[in-house]
Structures are given as structure tokens and as C-alpha cells.
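**Q** The structure follows.
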Amino acid sequence: YIHRTDSNPSFLLTFNFKYTFSSYYQHSSPIAAMFILAYIFIFLMCMIGNMLVGVIVLKNRQMRTVTNMFILNLAISDLLVGIFCMPTTLVDNLITGWPFDNAMCKMSGLVQGMSVSSSVFTLVAIAVERFRCIVYPFRQKLTLRKALITIVIIWVLALIIMCPSAVTLTVIRDEYHFMVDAYNNSYPLYSCWEAWPDKGMRKIYTTVLFSHIYVAPLTLIVIMYARIAFKLFKSSAPIGGSQSEENEGRRVSKRKVKVINMLIIVALFFTLSWLPLWTLMLLTDYGNLTEYQLNVITVYIFPFAHWLAFFNSSINPIIYGYFNENFRRGFQEAFKVQLCYVENKHKDTYSERNNTGFLFGARNRIFVEAIGLFPLRNGRIAHHGLMVEDLDNTGCSHNNVSVPAWDV
Numbered sequence: 064y065i066h067r068t069d070s071n072p073s074f075l076l077t078f079n080f081k082y083t084f085s086s087y088y089q090h091s092s093p094i095a096a097m098f099i100l101a102y103i104f105i106f107l108m109c110m111i112g113n114m115l116v117g118v119i120v121l122k123n124r125q126m127r128t129v130t131n132m133f134i135l136n137l138a139i140s141d142l143l144v145g146i147f148c149m150p151t152t153l154v155d156n157l158i159t160g161w162p163f164d165n166a167m168c169k170m171s172g173l174v175q176g177m178s179v180s181s182s183v184f185t186l187v188a189i190a191v192e193r194f195r196c197i198v199y200p201f202r203q204k205l206t207l208r209k210a211l212i213t214i215v216i217i218w219v220l221a222l223i224i225m226c227p228s229a230v231t232l233t234v235i236r237d238e239y240h241f242m243v244d245a246y247n248n249s250y251p252l253y254s255c256w257e258a259w260p261d262k263g264m265r266k267i268y269t270t271v272l273f274s275h276i277y278v279a280p281l282t283l284i285v286i287m288y289a290r291i292a293f294k295l296f297k298s299s300a301p302i303g304g305s306q307s308e309e310n311e312g313r314r315v316s317k318r319k320v321k322v323i324n325m326l327i328i329v330a331l332f333f334t335l336s337w338l339p340l341w342t343l344m345l346l347t348d349y350g351n352l353t354e355y356q357l358n359v360i361t362v363y364i365f366p367f368a369h370w371l372a373f374f375n376s377s378i379n380p381i382i383y384g385y386f387n388e389n390f391r392r393g394f395q396e397a398f399k400v401q402l403c404y405v406e407n408k409h410k411d412t413y414s415e416r417n418n419t420g421f422l423f424g425a426r427n428r429i430f431v432e433a434i435g436l437f438p439l440r441n442g443r444i445a446h447h448g449l450m451v452e453d454l455d456n457t458g459c460s461h462n463n464v465s466v467p468a469w470d471v
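Heads up: the sequence shown begins at 64 in my numbering, then just goes up one per residue.
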């Protein structure tokens with residue numbers, strides 16, 4: 064508390080201000096290192112995986128289907144999260160207060176909100192497209208052009224629903240709160256938060272977001288996939304046809320089930336990954352927490368909840384590669400092309416040095432660091448599916464393997 068007396072004895076001024084001083088860094092070095100490594104891990108996964116998804120879909124015409132366009136949109140949303148949200152959120156969780164300017168405050172919040180909204184709306188669009196294709200197979204299917212229009216509408220809706228957040232997000236200085244570093248130097252504390260005119264308006268907006276971009280869309284997804292599962296289990300192979308027709312019917316049915324399983328797992332991971340963060344946001348608005356409880360949640364629980372939500376942006380390409388043979392072949396092709404490039408370069412270097420008198424043993428090892436976006440230069444399109452080059456373990460041979468299109 065500060066008590067100030069003026070030089071004039073007849074004039075007394077008393078100020079009762081409570082100043083708070085916090086450490087510049089919110090965590091000890093081991094905990095901070097753990098957070099940094101965890102965020103670097105998901106950042107690299109997000110960048111490499113989602114960029115490969117984009118290349119695989121865009122470079123191969125066979126992959127340009129309606130469902131894959133929606134998956135490409137998911138990958139774009141995840142890339143935006145990785146570029147604009149992961150670094151700023153990590154720094155914000157390590158340092159007390161907001162270390163960036165007002166524009167970054169608005170940009171980070173807007174991009175994160177739009178990406179989440181776009182992701183969940185895209186998951187709904189995928190569920191609707193699969194629902195129409197399987198439950199009502201004789202209705203007109205969604206064309207690629209309509210799918211692209213739908214994606215544009217998704218981003219417009221995401222922008223509209225996040226506009227209030229972008230307007231209210233601002234950097235505000237706390238007049239009575241300071242940061243202190245290891246050398247006992249003090250710094251003003253700035254916070255990035257939604258400055259609503261009334262606290263009740265913030266609660267209403269949080270509730271609207273929770274219901275419109277989490278509860279309602281995911282409920283719709285659950286209902287649609289339940290109807291799809293019922294339809295698939297109810298349907299059977301063609302009756303009265305030849306043995307080959309029955310086998311083809313079973314094969315197509317299994318492929319449909321595998322696609323649906325993949326999409327359900329994507330939606331399930333999204334639900335579970337974002338649930339803790341939504342729970343914390345609702346808890347801070349409606350929980351009437353004490354200052355100590357709010358500090359514990361902000362310093363320790365919010366960083367983990369953010370990491371778990373961002374982890375969802377990194378796991379999707381792994382799900383695609385596990386369930387979908389075309390994506391799996393594309394990922395393998397990308398990395399094997401790089402391996403072959405390094406191997407051939409090594410052989411050329413060896414040959415040149417051997418001709419000039421430098422001899423190397425056969426046990427030379429090649430260290431390959433696959434961290435880029437590798438061109439699918441060996442990919443070709445076959446008439447009945449995606450044709451990729453199968454690179455065996457002994458070298459870069461060119462055995463063609465035909466993979467059927469996944470979207471049925």
C-alpha cells in the first residue's frame with residue numbers, strides 16, 4: 064500500500080493501492096524446457112504432416128475428390144493454427160503477461176477462433192457429404208465446384224462468428240501489477256484479453272461459441288454417423304448376382320466402412336482435444352474462482368489444455384496415413400524420394416572421389432534428415448487409381464503399384 068502526504072500540513076492525500084509483483088518467467092527452467100520441447104514436437108508434426116497432405120491432394124488428380132477437398136481445408140486450418148497460434152501461445156504461457164503488440168493479440172485470437180470454427184464446420188460438411196452418399200445414394204452427389212463454394216461459406220461463417228472476439232481483443236496495461244526479472248528489474252504488465260463493456264456479455268459470447276462451434280456441430284456429426292453406421296450394417300452384398308459381383312460388393316462395403324471409421328476418429332479426436340480448453344474457459348467465466356485458483360489454472364492447466372488442443376492439428380495427417388492407403392502411399396513416396404535423392408547423391412560423390420584416388424569402405428553411413436516438403440516427382444496417375452512408384456529396400460527401383468481411389 065502507498066501512503067502519500069503533501070508538503071502542506073493542511074492538505075493530506077492518502078492512496079490505498081495494492082501493487083503486485085510477479086516473476087518474469089512463470090515456470091522453472093525444467094518445466095519451461097518441457098513445455099518448449101512439447102510445443103516444438105507438435106509444431107513440426109503439424110507443419111510437415113499437413114503440408115504433405117496438401118501436396119498429395121493437389122498434385123494427384125485422382126485425389127481431388129469432394130471429401131479430400133474438405134480434408135485439404137482441415138489441413139489448411141491446422142497449418143494456420145501451427146503458424147499463428149502455437150508460437151505466440153507458447154511464449155504467452157512461459158512469460159507473465161502478453162509480450163507482443165495489439166495487432167498480434169487480435170491476429171492470434173482471430174486466427175485460432177476461425178481455424179477451430181472452420182475445422183468443426185468442415186467436419187460437419189464431411190459428415191453431410193458422407194450421409195448423402197451412403198444413406199441416400201441415388202440423390203445428386205455434391206460436385207467439386209459445390210464443395211469449393213461450401214468451403215468458402217465455411218470460412219465466411221467462421222469470420223462472422225469470431226468478429227466480436229477480434230473487435231474486443233486488446234492489449235491492456237495493468238497499472239498495479241508488475242513483472243520482476245532475475246536482476247530485480249521491474250517491467251509493466253500487459254495482458255491480451257477480451258475487453259467487453261460488461262462481464263455478462265463475455266459470458267453470453269462464450270456460451271454462444273461453445274454451443275455453435277462445439278456442442279451443436281458435434282451433436283449433428285454423431286447423429287449423422289450413427290445413421291451411416293446403421294445403413295452400412297443393414298445393407299448386404301448383392302443377392303442373386305455372380306460370385307465376382309458379391310465379392311466386389313463386399314470389397315466396396317469394407318472400403319466404405321474404413322473411410323467412415325477414419326472420419327469418425329478424426330471427429331472424436333477433435334472432440335476430446337478441445338474439451339479441456341472449453342471446460343476451462345467456461346469455468347473461468349462461470350466458476351467464481353478465487354484469485355489463487357485462477358492463478359493455478361492460468362499458469363499450469365491452461366498451457367496443457369492449449370497443447371492438447373493444438374495436438375489435434377498435428378494428429379490428423381497420422382490418422383489419414385493409418386486409415387487411407389492413398390495418403391499412406393503418398394507419405395511413403397515423399398520420404399522415399401528424399402532418401403533416394405540423398406543415396407544417389409552419395410553414390411555420385413563416392414564415384415567422383417574414387418576416380419580421383421580417394422577410396423571409401425562399403426560401410427559408409429548416410430544420415431538423412433527428412434524435415435522438408437518433398438516433391439512427389441515419381442507419382443503417376445493410372446486409369447483406375449493412384450499410381451505410385453514402390454521403392455524397395457534395396458534401392459530406388461520402379462515397381463508400379465496401383466492403389467484404388469479411396470473416396471467411394
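Yeah, the Cβ is synthetic: ideal placement off N, Cα and C, and Gly gets one too.
#1: Taking I212 as the reference, give the member of L357, V129 and I328 with the closest Cα.
#2: So, at 7 angstroms on beta carbons, what are the nonlocal neighbours of M126 in its own chain, with the 5 sequence-adjacent residues on each side left out?
#3: Start and end of the alpha helix (DSSP H) containing C226?
#4: DSSP state of P200, grouped into three classes?
#5: Where does I223 land, buried or exposed, given buried means 16+ other C-beta within 10 angstroms?
#6: Does R127 come out as helix, strand or coil in the three-state DSSP assignment?
#7: Flag this pair as touching only if the segment 188 to 196 and the segment 281 to 292 have three or more C-beta atom pairs under 8 angstroms; answer yes or no.
#8: By DSSP, does F163 sit in helix, in strand, or in coil?
#9: For C255, tell me which candidate among T151, K317 and A372 has the shortest Cα-Cα distance.
#10: Within the continuous beta strand (DSSP E) that includes S274, where are the two ends?
#11: Could you say which of V215, Q89, S178 and A95 lies nearest to F333 if we only look at CA atoms?
#12: Which residues in the same chain have their Cβ closer than 7 angstroms to the Cβ of P339, if we skip the five residues on either side of it in sequence?
#13: Using only the alpha-carbon positions, how far apart do V154 and G117 sit?
#14: Sort out for me which residues DSSP pairs M242 with in a bridge.
#15: Considering only residues of the segment 133 to 177, which uninterrupted alpha helix (DSSP H) runs meet the minimum length of 4 residues and lie entirely inside it, listed in chain order?
#16: Three Cβ pairs or more, each shorter than 8 angstroms: is that satisfied between the segment 245 to 255 and the segment 155 to 165?
#17: For F386 and L352, I'd like the C-alpha separation in whole angstroms.
#18: Going by the beta-carbon positions, is the gap between T282 and W259 smaller than 8 angstroms?
#19: Give me whichever residues DSSP pairs with E257 in a beta bridge.
#20: Note down, in chain order, each residue of its chain lying with its Cβ closer than 7 angstroms to the Cβ of T269, except the 5 sequence neighbours on either side.
#21: Have a look at L157 and F241 and give me their C-alpha separation to the nearest angstrom.
#22: Following the continuous alpha helix (DSSP H) through V285, name the residue where it begins and the one where it ends.
#23: Assuming H369 is part of the alpha helix (DSSP H), what are its boundary residues?
#24: In the DSSP assignment, what residue or residues form a beta bridge with D237?
#25: Please report the Cβ distance between I189 and F133, rounded to the nearest whole angstrom; I am assuming they are in contact, meaning their Cβ atoms lie under 8 angstroms.
#26: Report all residues from its chain with a CB closer than 8 angstroms to the CB of V320; omit the five preceding and five following residues, and keep chain order.
#27: Mind reading off the beta-carbon distance from F373 to I105? Whole number of angstroms is fine, and I expect it under 8 angstroms.
#28: Name the two residues that bound the continuous alpha helix (DSSP H) containing S91.
#29: Taking 8 angstroms as the cut-off, decide whether the C-beta atoms of I94 and S180 are in contact.
#30: Does DSSP classify L352 as helix, strand or coil?
#31: For K266, tell me which candidate among W341, P380, G172 and A221 has the shortest Cα-Cα distance.
#32: Please report how far the alpha carbon of V219 lies from the alpha carbon of M225, in whole angstroms.
#33: Please go through the same chain and pick out, in chain order, the residues whose beta-carbon is closer than 6 angstroms to the beta-carbon of S377, but skip the five residues on each side of it.
#34: Applying the criterion that 16 or more other CB atoms from any shown protein chain within 10 Å of the CB defines a buried residue, is G145 buried or exposed?
#35: Judging by CA-CA distance, which residue of K122, K297 and S86 is the nearest neighbour of V198?
**A** On the basis of the coordinates in this document:
#1: Minimum Cα distance to I212 is reached at V129.
#2: Its chain contains I119, V120, N389 and L449 as the residues whose beta carbon lies nearer than 7 angstroms to that of M126, once the 5 sequence neighbours on both sides are disregarded; these appear in chain order.
#3: Note, C226: alpha helix (DSSP H), L207 to T231.
#4: Reduced to three states, the DSSP call for P200 is coil.
#5: With fewer than 16 other Cβ atoms within 10 Å, it is exposed.
#6: DSSP, reduced to helix, strand and coil, places R127 outside both helices and strands of the structure shown, so it counts as coil.
#7: The segment 188 to 196, when compared against the segment 281 to 292, does touch it at the 8 angstroms Cβ threshold.
#8: F163 carries a coil assignment under DSSP once its states are collapsed to helix, strand and coil.
#9: For C255, the nearest C-alpha among the options comes from T151.
#10: That residue, S274, is in no beta strand (DSSP E); it is neither H nor E in DSSP.
#11: For the set V215, Q89, S178 and A95, the Cα lying nearest the Cα of F333 is the one of S178.
#12: The beta carbon of P339 sits closer than 7 angstroms to those of A368 and L371, all from its chain and outside the five residues before and after it, given in chain order.
#13: About 28 angstroms.
#14: As DSSP reads the structure, M242 sits in a beta bridge with S85 and Y250.
#15: List check, alpha helix (DSSP H) in window: 149 to 157.
#16: As far as the Cβ criterion goes, the segment 245 to 255 touches the segment 155 to 165, which means the pair count is three or higher.
#17: Their Cα atoms are separated by approximately 43 angstroms.
#18: At the C-beta level, T282 and W259 stay beyond 8 angstroms of one another.
#19: Its beta-bridge partners are L232.
#20: M344, L345 and D348.
#21: L157 and F241: Cα-Cα distance of roughly 16 angstroms.
#22: V285: member of the alpha helix (DSSP H) spanning A279 to K297, first to last residue.
#23: Where H369 is concerned, the enclosing alpha helix (DSSP H) stretches over F365 to F386.
#24: Beta-bridge analysis with DSSP links D237 to L252.
#25: Taking C-beta atoms under 8 angstroms as the contact rule, I189 and F133 qualify, at a distance of about 5 angstroms.
#26: Cβ within range, chain order: L295.
#27: Between F373 and I105 the beta-carbon gap is near 6 angstroms, inside 8 angstroms, which marks them as a contact.
#28: Neither: S91 is in no alpha helix (DSSP H) and is coded neither H nor E.
#29: Going by C-beta atoms, I94 is not nearer than 8 angstroms to S180.
#30: Correct three-state label for L352: coil.
#31: That would be W341, whose Cα lies nearest to the Cα of K266.
#32: Here the C-alpha atom of V219 lies approximately 10 angstroms from the C-alpha atom of M225.
#33: I105, M108 and C109.
#34: Per the 10 Å Cβ criterion, buried.
#35: Check the Cα spacing between V198 and each of K122, K297 and S86: the tightest is with K297.
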